[in-house]
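Protein chains in written order, with this note's numbering: chain A, 2 to 390; chain B, 351 to 778.
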Amino acid sequence: MRYLINIWTVAKRECKILFVNRIYFCCMLIFPIFAMYFFTSLMDEGLPEDMPVGIVDLDNTSTSRSLIRRLDAFQSSEVVAHYASVAEARHAMQENEIYAFLYIPKGTTDKLLASRRPKISYYYNMSMVMGGSLLMKDLKTISTLGSAAVGQATMRAKGYTPEQIQAFLQPVRIDLHQIANPWTNYNVYLSTVFVPGVMMLFMFLISAYSIGVELKFNRGKEWLARADGNIVVALLGKFLPQAVVFLLLIAYYEFYIYGVLQFPHVGGWGYIVLLAVLEVFASIGFGIFAFGLMPSLRMSMSICSLWAVLSFSLAGSAFPVMGMDAPLQALTWLFPLRHYYMLYQITVFNGYPLLDAWFHLVALVGFTLLPWFVVHKIKNAMLTYVYIP
Amino acid sequence: MSIFHSLYRRILDAAYVWREEMRQVFRDEGVLIFCIIVPLVYPILYSWIYNNEVVHEVPVVVIDQSHSQLSRQFIRMFDASPDVRVACYAEDLDDAQSLVSRQVMKGVILIPSDFAEKLCRMEQGTVSVYCDMALMLTYKAIYQTAMAVSQKMGAELQTKMSSNYTAREDMITTRPLDFEDVPVFNPQGGYGSFVLPAVLMLIIQQTLVLGIGLAAGTARERSRYGDLVPIHPAYDGIYRIVWGKALCYLMVYAVMGAFLTLVVPRLFHFIQLAHWDDLLLMMIPYLLACVFFGMTVSCLVRYRENVMLIVVFVSLPLLFLTGISWPQSAIPGAWQGVSWLFPSTFGVRAYVRMNTMGGTLGDVAPEVRYLWIQAALYFGAACIVYGHQLRVSRRHAQERLAYLRKKREVRAALKQHHATAANLRTNN
């Protein structure tokens with residue numbers, strides 16, 4: 002009971018600090034919500050639409066023009082310019098005017114009609130992988146369709162049925178099932194990892210910061226005194242209000258992406274809530290641990306920010322962990338965002354049983370318990386360290 | 351005093367500020383971390399992460415319900431491709447799903463029992479592909495391989511059906527309009543070659559802003575009134591302070607910038623097409639813009655740690671705003687406008703187009719022009735904020751001086767008072 006009262010008094014003190022210092026308000030609410038709106042609005046289209054494509058049409062016949070018209074009608078591509086030569090088109094690409102171009106050499110239609118197998122080519126800029134590969138898909142489809150159109154016309158003239166033509170032109174059909182994200186929506190794919198990543202960054206930083214400023218403003222002894230010198234009580238009281246704020250923040254984020262934007266969540270709300278709770282506690286745990294490891298405000302915050310920035314890459318959501326070198330694969334275990342991402346995609350996104358993600362669950366619980374190793378160091382720091390600017 | 355003499359004095363003062371700032375950079379461990387260690391270590395770490403560039407041999411589970419020569423041919427061809435590997439066979443979809451859910455497999459290929467039957471009946475045969483969409487790269491590898499194999503097999507079946515005489519006829523039947531697929535500038539579609547140039551340029555800006563902000567925070571905390579500008583004769587003009595500090599960071603980042611843009615790509619064999627002179631002409635305005643941007647931001651922070659809270663998290667949004675990972679044409683107009691505030695937007699675009707896409711300085715002229723404009727504007731902004739800081743610290747100095755004078759006067763008056771009182775006493 003005494004402990005509970007102490008926790009309550011420390012929590013009340015912390016609430017006052019959170020209200021007075023504007024930086025908390027910014028970092029716990031404004032910036033994370035800004036990041037949330039940034040990513041979700043940036044990728045609102047889901048897939049980039051109408052990317053600029055150029056044309057080098059030296060043939061200039063109705064056949065080539067129909068090919069170009071059809072390319073323009075695709076979702077990702079928009080024909081924005083015609084060029085007189087490949088060199089000009091390449092130059093336009095280097096000037097960022099177009100991301101890809103289709104080259105139709107002179108005499109293509111003639112050769113096509115004479116069955117002399119003409120060759121067209123398409124060039125796409127892979128220095129931006131996402132745009133490049135989407136355009137490649139369109140350009141490849143259009144080129145294949147160009148071939149198919151010839152076969153179709155010949156077979157129709159010979160009197161085949163549409164089914165026969167279809168079966169001849171494409172004997173083996175691929176029936177694609179994009180589980181849980183049938184639209185290949187990049188918003189669903191990226192915002193669900195990067196936004197929690199940014200929130201985690203703030204949880205790391207704020208946890209380390211809020212302990213560190215006690216030292217900086219020389220309030221550490223007073224803080225411990227409120228908790229009767231019990232560091233565990235002091236920490237619990239200190240992080241109770243912060244955890245509540247962060248939980249509310251994440252609840253808002255979950256509500257926004259699953260409730261308003263309707264992101265797929267096959268696993269249901271039970272897992273979503275579990276994930277949110279684990280994320281908050283694991284991140285706060287990591288932040289406290291970082292401070293305990295190096296009880297200096299600037300060092301612990303530097304570690305937290307460097308760790309959080311690295312975790313965007315090592316979470317393995319953009320470039321898969323299986324493609325990295327073995328030592329890095331092991332290193333990813335040390336990043337809470339990695340476990341968050343795995344837990345999210347297994348349980349919430351794909352709706353698989355929690356048992357398949359047990360390791361990541363345990364890891365996040367482990368991060369929550371990390372401060373246990375350093376509580377005495379923190380207490381010692383509060384009682385004896387002096388802040389030097 | 352002649353003009354030359356006063357100019358000489360100003361230059362001397364700027365050099366003094368430069369030296370003081372330099373000393374602070376190397377003395378302050380926070381600044382040291384962000385200005386020296388991070389630019390040295392992070393690029394290497396990132397390059398290492400993305401060094402394998404592409405994913406090969408993505409594990410896929412196959413459900414072959416057809417058990418026919420044709421289905422086995424499909425599986426063989428699928429397995430033989432570089433990007434995927436048939437890691438195991440399953441009996442049914444539930445079986446396969448449990449493998450995917452345990453993260454052992456990334457996708458499922460299901461060949462239905464009527465696959466061969468349909469093909470032999472000259473109907474369309476279907477192969478179902480189920481992909482785990484949590485990873486776009488593995489999804490792409492599986493789907494594209496399946497497509498390629500189905501087209502290859504389809505072409506073989508077409509030639510069998512169409513009773514041609516020559517190989518040339520076969521080619522014309524299967525593909526009357528031939529096409530060539532040419533990925534340019536990053537032919538293997540490598541992830542590192544695509545994202546790393548952007549990350550390198552972003553590291554320059556972010557570490558500069560962090561370093562300058564931390565140094566400014568330290569300067570404030572050292573001072574009695576929390577002033578950014580110390581009270582010293584050399585710190586007596588805006589331009590001296592701004593140029594002196596800028597020169598210090600330019601000096602450090604001349605080295606760091608060369609390391610990031612020249613050494614790191616060479617170490618990890620990333621694409622490197624930029625000419626050194628073009629690169630130099632682009633990097634000068636970029637560094638200037640970043641330094642003055644950092645100085646402007648640094649005046650806004652009260653405590654040294656706050657700069658970390660503000661600057662670190664914008665790195666990722668800034669990376670997206672450069673138009674490298676998300677195409678520039680798809681960025682909404684409002685965010686495009688926001689992106690114009692940051693040097694990194696133009697720096698990354700110019701660097702990528704010169705370094706990765708082999709453009710010349712002429713190709714990135716608009717970007718370089720924007721960088722010069724930004725450098726000029728942020729220089730103006732830095733002068734304004736430093737002018738303000740200078741006035742604040744002068745006022746504090748004058749207040750302090752007035753306080754000291756007053757104290758002396760009061761003391762003297764008191765002393766006199768005591769003396770007269772003592773005199774009076776002795777007289778009495």
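C-beta: ideal position from N, C-alpha, C; glycine also.
What number of angstroms, rounded off, separates the C-alpha of residue i from the C-alpha of residue j?
| i | j | result |
| --- | --- | --- |
| aspartate 429 of chain B | asparagine 61 of chain A | 42 Å |
| asparagine 402 of chain B | glycine 540 of chain B | 8 Å |
| alanine 331 of chain A | tyrosine 388 of chain A | 36 Å |
| tyrosine 603 of chain B | tyrosine 392 of chain B | 15 Å |
| alanine 168 of chain A | phenylalanine 529 of chain B | 22 Å |
| threonine 321 of chain B | leucine 206 of chain A | Within the shown structure, residues of chain B are numbered from 351 to 778, placing residue 321 of chain B beyond reach of any answer. |
| methionine 473 of chain B | arginine 426 of chain B | Per the sequence shown, residue 473 of chain B should be read as glutamate rather than methionine. Going by the C-alpha atoms only, they are around 22 Å apart. |
| glutamate 371 of chain B | phenylalanine 729 of chain B | 18 Å |
| glycine 333 of chain A | serine 148 of chain A | Residue identity differs from the one stated: residue 333 of chain A is threonine in this sequence, not glycine. One C-alpha to the other measures close to 47 Å. |
| methionine 551 of chain B | isoleucine 674 of chain B | 12 Å |
| serine 297 of chain A | glutamine 556 of chain B | 22 Å |
| glycine 457 of chain B | tyrosine 190 of chain A | 17 Å |
| phenylalanine 102 of chain A | serine 134 of chain A | 13 Å |
| isoleucine 24 of chain A | leucine 666 of chain B | 20 Å |
Within 7 Å (strictly less), CB to CB, does residue i reach chain B?
| i | result |
| --- | --- |
| isoleucine 166 of chain A | no |
| glycine 269 of chain A | no |
| glutamine 171 of chain A | yes |
| aspartate 357 of chain A | yes |
| proline 330 of chain A | Looking at the sequence shown, residue 330 of chain A is not proline but glutamine. Output row for glutamine 330 of chain A: interface = no. |
| arginine 157 of chain A | no |
| glutamate 96 of chain A | yes |
| methionine 302 of chain A | yes |
| serine 314 of chain A | yes |
Any C-beta of chain A sitting closer than 7 Å to the C-beta of residue i?
| i | result |
| --- | --- |
| valine 477 of chain B | yes |
| glycine 504 of chain B | yes |
| isoleucine 394 of chain B | no |
| arginine 435 of chain B | no |
| tryptophan 626 of chain B | no |
| isoleucine 383 of chain B | yes |
If you compare alpha carbons, which of the options is closest to residue i?
| i | options | result |
| --- | --- | --- |
| methionine 295 of chain A | A/Tyr386, A/Ala12, A/Met44 and A/Leu103 | A/Tyr386 |
| alanine 85 of chain A | A/Gly47, A/Val57 and A/Leu136 | A/Val57 |
| aspartate 577 of chain B | B/His738, B/Arg471, B/Gly709 and B/Pro547 | B/His738 |
| lysine 510 of chain B | A/Val151, A/Ala154, A/Pro172 and A/Met156 | A/Pro172 |
| alanine 680 of chain B | A/Phe40, A/Ile105, A/Leu170 and A/Ile31 | A/Phe40 |
| phenylalanine 643 of chain B | B/Tyr701, B/Phe692, B/Glu655 and B/Leu600 | B/Phe692 |
| proline 409 of chain B | B/Leu666, B/Gly607, B/Ala446 and B/Asp713 | B/Ala446 |
| threonine 193 of chain A | A/Thr369, A/Tyr38 and A/Trp373 | A/Tyr38 |
| valine 411 of chain B | B/Leu764, B/Phe376 and B/Ser451 | B/Ser451 |
| serine 648 of chain B | B/Ala569, B/Pro615, B/Pro580 and B/Ala725 | B/Ala569 |
| aspartate 326 of chain A | B/Val375, B/His406, B/Ser352 and B/Arg369 | B/His406 |
Mark residue i as exposed unless 16 or more other C-beta atoms lie within 10 angstroms of its C-beta, in which case mark it buried.
| i | result |
| --- | --- |
| aspartate 433 of chain B | buried |
| glycine 475 of chain B | buried |
| asparagine 126 of chain A | buried |
| aspartate 482 of chain B | buried |
| asparagine 188 of chain A | buried |
| glutamine 419 of chain B | exposed |
| glutamate 280 of chain A | buried |
| glutamine 243 of chain A | buried |
| methionine 2 of chain A | exposed |
| leucine 370 of chain A | exposed |
| glutamine 76 of chain A | exposed |
| threonine 110 of chain A | buried |
| glutamate 655 of chain B | buried |
| aspartate 45 of chain A | exposed |
Using a cut-off of 7 Å between C-beta atoms, extract the partners of residue i located in chain A.
| i | result |
| --- | --- |
| proline 667 of chain B | Ala36 and Phe39 |
Please compile the residues from chain A whose C-beta is within a distance smaller than 8 Å of the C-beta of residue i.
| i | result |
| --- | --- |
| proline 682 of chain B | Ser42, Leu43 and Asp45 |
| methionine 521 of chain B | Arg118 |
| tyrosine 493 of chain B | Ile175 and Leu177 |
Residues of chain B with CB closer than 9 Å to the CB of residue i, please, in chain order.
| i | result |
| --- | --- |
| tryptophan 325 of chain A | The sequence as given places methionine at residue 325 of chain A; tryptophan does not occur at that position. Near methionine 325 of chain A (Cβ distances below 9 Å), the residues of chain B are Trp398, Ile399, Tyr400, Asn401 and Asn402. |
Just to confirm, does residue i get its C-beta within under 6 Å of one of the non-hydrogen atoms of the ligand MN?
| i | result |
| --- | --- |
| phenylalanine 692 of chain B | Because no ligand of any kind appears in the structure shown, any question about the ligand MN cannot be addressed here. |
Going along chain B in order, which residues have a C-beta closer than 8 Å to the C-beta of residue i?
| i | result |
| --- | --- |
| aspartate 176 of chain A | Thr476, Val477, Ser478 and Val479 |
| glutamate 50 of chain A | Ala680 |
| tyrosine 125 of chain A | Val532, Pro533 and Val534 |
Could you work out which residues of chain A lie near residue i, taking near to mean beta carbons separated by less than 9 Å?
| i | result |
| --- | --- |
| phenylalanine 670 of chain B | Phe39, Phe40, Leu43, Met44, Leu191 and Phe195 |
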